[in-house]
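Residue 358 in our numbering sits at position 319 of the sequence shown, and the numbers go up by one each step. Where a beta carbon is used, it is the ideal one built from N, C-alpha and C, also for glycine.
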Amino acid sequence: LGCVHFSFLLPSVKHKAPQIPVLRSKNAQETNIPFPAVTFGPTDGRGPEGMDRRNHGAHGGGKIRIGVCVMEKKVSCSPMEQILERLHAFGEFEIIIFGDKVILEDPIESWPLCDCLIAFYSAGYPLEKAEKYAVLRRPFLVNELDPQYLLHDRSKVYEHLKLFGVPVPTYAVVRREHPNQELNYFIEQDDFIEIHGKRFCKPFVEKPIDGDDHNIMIYYPSYAGGGMKELFRKVGNRSSEFYPEVRKVRRDGSYIYEEFMPTGGTDVKVYTIGPGYAHAEARKSPVVDGVVMRNSDGKEVRYPVLLTPTEKQIARNVCQAFRQAVCGFDLLRCDLGEARSYVCDVNGWSFVKSSYKYYDDAACILRKMFLDEKAPHIYTIPAHLPWRISEPAQPSDAVRNREQGTVGIPTQSEELRCVIAVIRHGDRTPKQKVKLKITQEKLLKLMLKYNGGKAHAEAKLKSALQLQDLLDATRILVPRARSGRESDSDAEVEHAEKLRQVRAVLEEGGHFSGIYRKVQLKPSNWAHIPKSSGEGEEEVPSEALMILKYGGVLTHAGRKQV
């Protein structure tokens, strides 16, 4: 069998940035933002005449005024410039940049008037002042201001997500009023911590409560060598560092502790524009080795991913929960028995970088938001995107090349999007299978750990962490299952041999790599036991079928064939 990947050389769409006649406040400082400074005229009031002109939109000679009340550093970033340029190109909007001096120094009564407001928090931004302006002038808000306070506290973010049914990792909160404060509900041992009776075994994650503090720690168990890995915002080509001597958690402040979720070495970033649109990208996780993968332009390598229907609903819920139309958040795709996705961070206003398709989508969706709110009677779908076509439609380069028989000849307008690869499978060892019934409590608990605690659900163990747990349990059980004693029946001897075979297969190679080992645990018998609360009974598995599949490894000849 062969595996074939298809892709194409597609023409790269290059957009020439139009010059936007952006209005500025009279008191706005001159900056290097590439917008000309224009002062407000006397007809910029919000009186009946102005409202009438505005409601007629571009068709009535007036334009909807979009206020951009954010720090200039954010206005001048490439994604914001690209999207504002596209909004202006529609011809229906007037873009008003407030500027840092106006935002930080001027009273809100003298701030520019606008119909729609883009405002979001960043370092040094007076969020409370922007709130008062919104109450005073009542513009349409792309992102609501009050919920942005929640984003500064990770514990409140998690509480809010749970309130709206968004899955988050299992977590607990430790709050300290001063450094090194002793807490009677917090216990730390070598390989676990307990918070209010909830135990977190290493590896676990430690995050500051402060949402603006990005120094996150992961603590590893002693059986894996111990130590701590610090994750931080990219510094050069580094995003994490490992400290083998650090074993104790931080005690200098308030933290969230959560279970470590294995994700296969990737992080997923999701960007919404309203509840009906979500763009997702994957990147190499800083947990892997801390080395940032960059392309030839020096930018971090990211690639688009498709969201599942469940993940799309999660994106919708996050957008609506925080009332942030433009919102970025982090998604963990985890496979612990069953594939699930969890939200581990919400960032608020975030844009995708270096994606013209995303900029086009963002401008079109924001345009619809503004017109729906301020001029619903004039909303029409444009026949074409004005920043792409300023003259009668012409055949694309791809069409012309096809007609002229020059498909495949590289030009400056082409870029490599993917590679076509045909991979032949070489000779491999036979795939094999071991089946045995298990009744040992340690193995049954392991099954419940990875099937979500469901008595009738099966668990599939594939990841290194899952298989290591199984190997640890098997090593404990095998010495107890010695064969050769006179009292042992044939069935007991066979069971002991199969357990030894499972251990041998899992220990092969010294580490878990590749895709040639996986285990299924299927419950087959159940028992009823009293609930821990003492009220009634609950059903728990008393016997399960373990199926170990292995083999399919390249032979020496196979390595040469591929």
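Does the beta carbon of Pro247 fall short of 8 Å from some heavy atom of the ligand COA? The ligand COA is not among the ligands present in this structure, which contains no ligands whatsoever.
Secondary structure at Cys383, three-state DSSP: helix, strand or coil? By 1-based counting over the sequence shown, the position of residue 383 is 344. Cys383 falls in the strand class under three-state DSSP.
Who are the near neighbours of Met110 in its chain, counting only those whose CB is closer than 8 Å to its CB and skipping five residues on each side? Residue numbering aside, residue 110 sits at position 71 when the sequence shown is read from its first letter. Once the five neighbours on either side are set aside, the close Cβ partners of Met110 are Asp139, Ile142, Ser161, Ala162, Gly163, Tyr164.
Among Asn356, Lys484, Lys396, the one whose alpha carbon lies nearest that of Pro562: The count along the sequence shown starts at 1 and reaches residue 562 at position 523. When only C-alpha atoms are compared, the closest one is Lys484.
Whole angstroms are fine: how far does the CA of Gln540 sit from the CA of Glu533? Locating residue 533 in the sequence shown gives position 494, counting from the first residue. Locating residue 540 in the sequence shown gives position 501, counting from the first residue. Roughly 10 Å between the two C-alpha positions.
Cutoff 8 Å; reference Val592; Cβ partners in own chain excluding five residues on either side: By 1-based counting over the sequence shown, the position of residue 592 is 553. Closer than 8 Å at the Cβ level, and outside the excluded window around Val592, lie Arg467, Thr468, Gly553, Tyr555.
Mind checking Gln471: buried by the 16 CB within 10 Å criterion, or exposed? Counted from its first residue, the sequence shown places residue 471 at position 432. Exposed is the call here.
Using the beta-carbon count (16 or more within 10 Å), is Asp411 buried or exposed? Residue mapping note: residue 411 aligns to position 372 of the sequence shown, counting from 1. With fewer than 16 Cβ atoms within 10 Å of its Cβ, Asp411 is classed as exposed.
Per the contact definition of three or more C-beta pairs closer than 8 Å, is the stretch 327-337 in contact with the stretch 272-283? yes
May I have the straight-line CA-CA distance separating Ala402 from Leu371, to the nearest angstrom? Mapped onto the sequence shown, residue 402 falls at position 363. Mapped onto the sequence shown, residue 371 falls at position 332. Taking the straight line joining both Cα atoms gives about 28 Å.
Please confirm whether Leu538 and Leu516 have their CB atoms less than 9 Å apart. Indexing the sequence shown from 1 puts residue 538 at position 499. Indexing the sequence shown from 1 puts residue 516 at position 477. Yes, the Cβ-Cβ distance between Leu538 and Leu516 is below 9 Å.
Residues of its chain near Lys476, where Cβ-Cβ distance is below 8 Å and the 5 sequence neighbours each way are ignored: What you label residue 476 is simply residue 437 of the sequence shown in a count that begins at 1. Around Lys476: His534, Ser563, Glu582, Ala583, Leu584, Met585.
For Arg598, which of helix, strand or coil comes out of DSSP? In the sequence shown, the residue the question calls residue 598 occupies position 559. DSSP places Arg598 in helix when its eight states are reduced to three.
According to DSSP, is Phe390 helix, strand or coil? If you number the sequence shown from 1, residue 390 lands on position 351. DSSP places Phe390 in coil when its eight states are reduced to three.
CB contact flag (Lys241, Pro260, <9 Å): For the purposes of this step, residue 241 is taken as residue 202 along the sequence shown, with counting starting at 1. For the purposes of this step, residue 260 is taken as residue 221 along the sequence shown, with counting starting at 1. Yes, the pair counts as a contact, with Cβ atoms nearer than the cut-off.
Check each candidate in Ile255, Asn490, Ala512 and name the one with the smallest Cα separation from Glu480. On the sequence shown, residue 480 is found 441 positions in, with the first residue counted as 1. Comparing Cα positions, the closest option is Ala512.
Do you know how far the Cα of Pro425 is from the Cα of Val458? For the purposes of this step, residue 458 is identified with residue 419 of the sequence shown, where counting begins at 1. For the purposes of this step, residue 425 is identified with residue 386 of the sequence shown, where counting begins at 1. Taking the straight line joining both Cα atoms gives about 32 Å.
Going by beta-carbon coordinates alone, are Tyr258 and Val285 separated by less than 9 Å? Numbered from its first residue, the sequence shown carries residue 258 at position 219. Numbered from its first residue, the sequence shown carries residue 285 at position 246. Yes, Cβ-Cβ distance for Tyr258 and Val285 is below 9 Å.
So what does DSSP say about Leu156, is it helix, strand or coil? Within the sequence shown, residue 156 is the residue found at index 117, counting from 1. In this structure, Leu156 counts as strand in the three-state DSSP scheme.
9 Å Cβ cutoff met for Ala414 and Val205: The residue given as residue 414 occupies position 375 in the sequence shown. The residue given as residue 205 occupies position 166 in the sequence shown. No; because the gap between Cβ atoms is not below 9 Å, this pair is not in contact.
Should the stretch 220-228 be called in touch with the stretch 263-275, which here means at least 3 C-beta pairs below 8 Å? no
Output needed for Ala566: all residues of its chain with C-beta closer than 7 Å, excluding positions within five of it in sequence on either side, in chain order. Indexing the sequence shown from 1 puts residue 566 at position 527. Closer than 7 Å at Cβ, skipping near neighbours: Val579, Ser581.
Extent of the continuous alpha helix (DSSP H) to which Met486 belongs: Counting from one through the sequence shown, the residue named residue 486 turns up at place 447. Segment 480-489, the alpha helix (DSSP H) holding Met486.
Could you give the DSSP three-state label for His127: helix, strand or coil? Taking the sequence shown and counting its residues from 1, one reaches residue 127 at position 88. Helix.
What's the gap between the Cα of Phe203 and the Cα of Asn356? Residue numbering aside, residue 203 sits at position 164 when the sequence shown is read from its first letter. Residue numbering aside, residue 356 sits at position 317 when the sequence shown is read from its first letter. Their backbone Cα atoms lie some 7 Å apart in a straight line.
So what does DSSP say about Gln559, is it helix, strand or coil? Indexing the sequence shown from 1 puts residue 559 at position 520. Three-state result, Gln559: strand.
Nearest-angstrom Cα distance between Arg104 and Ile234? Locating residue 104 in the sequence shown gives position 65, where the first residue counts as 1. Locating residue 234 in the sequence shown gives position 195, where the first residue counts as 1. If I take the Cα positions, the gap works out to 51 Å.
Can Arg214 and Gly250 be called in contact, C-beta distance under 9 Å? Walking along the sequence shown from the start, residue 214 turns up at place 175. Walking along the sequence shown from the start, residue 250 turns up at place 211. No.
Assign Thr419 to one of two classes, buried (16 or more other C-beta atoms within 10 Å of its C-beta) or exposed (fewer than that). By one-based count along the sequence shown, residue 419 stands at place 380. Burial call: exposed.
What first and last residue would you give for the alpha helix (DSSP H) that runs through Gln10? Because the chain spans 40 through 601 in this model, residue 10 falls outside it and cannot be assessed.
Between Lys499 and Asn490, what straight-line distance do the alpha-carbon atoms span, to the nearest angstrom? For the purposes of this step, residue 499 is taken as the residue at position 460 of the sequence shown. For the purposes of this step, residue 490 is taken as the residue at position 451 of the sequence shown. Cα to Cα, Lys499 sits roughly 8 Å from Asn490.
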